[in-house]
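Numbering (the working numbering), first residue to last: 14 to 310. Yeah, the Cβ is synthetic: ideal placement off N, Cα and C, and Gly gets one too. Below is one structure, written out as structure tokens; the observations come after it.
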């Protein structure tokens, strides 16, 4: 009886984690388009970082208050939090800068390499067992990434490497979040990271900041922060409820959002390289998920 209840509870946690990741993917994609609006309007990457973090504190503080208030912020993992802040900031800067020079669907497609990095790093840093078939799937996925980037091709630019670097550091973050989440509520991790990036962005404003020129720009800034804050909480919750190698592939649903928004709002369709490469990367991630499900069963 006890084992049956434990198994049911574990399945429910995994399903909830998957739902959280799908919700986070959709919200992050909407946020990405708003960031591109800011980036192409002349706002510096660090100013976007500040707006994204400052207004994200609103939902984070509300959730923190409901979870027990500031008393739960006492942490046993200060070094892990510091590493999470470092790599998380690098990841955000890479992606935010890439949105200025690349289509959102292209950045999202390259960001899909993150679950592949997650699978690899979960064995190295997270202590999870990564099987040979997983390594083969990861290798195939990275072949898809190379097809999207097409190094040496006419369409290749150095900006295309930024999402890949961002995906790698994001994968490190996901493993760190899972380790921290074993002993602390997910909102604690989000609070420390959001506070850090807010202070970092604020410190840069005297040197690179410009005042918003319209109410539209202010609304976009607020939207970036609020949407990003909720998405951050959902993503962190997903990584604490289920193994990285399980919930990571569901980040792929972001491609549906990106292509849909670009097609409907902007009238732009993804390139053949993005479609084909994304299909390879997504297939690799879904195969990893399939193997995990079979092993668990």
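Membership of residue 179 in the alpha helix (DSSP H) is indicated by the continuous run 174-194. For residue 33 against residue 191, the beta-carbon gap comes to about 13 Å, at or over 8 Å, which does not count as contact. When DSSP assignments are scanned along the segment 97-127, the uninterrupted stretches of alpha helix (DSSP H) that are 4 or more residues long and fall wholly within it turn out to be 117-124.
With respect to the 9 Å criterion, residue 132 and residue 151 are classified as neighbours on the basis of their beta carbons.
In this structure, the beta-carbon distance from residue 197 to residue 89 falls below 9 Å. The Cβ atoms of residue 86 and residue 252 do not sit closer than 9 Å to each other. DSSP places residue 255 outside both helix and strand once states are collapsed to three, so it counts as coil.
Boundaries of the alpha helix (DSSP H) harbouring residue 199: 199-221, taken from the DSSP string. A direct Cα-to-Cα measurement between residue 236 and residue 47 gives close to 8 Å.
Classified as buried, residue 187 has 16 or more neighbouring CB atoms from the shown chains inside 10 Å of its CB. Taking C-beta atoms as the reference points, residue 176 and residue 124 count as a pair closer than 9 Å. Looking at the backbone, the Cα of residue 41 and that of residue 244 are separated by about 6 Å.
When secondary structure is reduced to three states using DSSP, residue 288 falls in the helix class. Straight through space, the alpha carbons of residue 121 and residue 274 are spaced by roughly 12 Å. Residue 157 is not a Cβ neighbour of residue 283, given a cutoff of 9 Å.
In the three-state reduction of the DSSP assignment, residue 282 falls in the coil class, being assigned neither a helical nor a strand state. Taking a contact as a CB-CB distance under 8 Å, the pair residue 246 and residue 76 counts as one, their CB atoms being some 6 Å apart.
Here residue 270 is buried, its C-beta having at least 16 other C-beta atoms within 10 Å.
Around the CB of residue 49, 16 or more other CB atoms lie within 10 Å, so the residue is classed as buried. The C-alpha of residue 146 is placed about 34 Å away from the C-alpha of residue 43. In this structure, residue 215 places its C-beta atom within 9 Å of the C-beta atom of residue 67.
In summary, residue 92 is exposed, with fewer than 16 beta-carbon neighbours lying within 10 Å of its beta-carbon over all protein chains present. Restricting attention to 239, 113, 69, the CA atom closest to the CA of residue 173 is found in 113. Ranked by Cα distance from residue 225, the first of 105, 111, 57 is 57.
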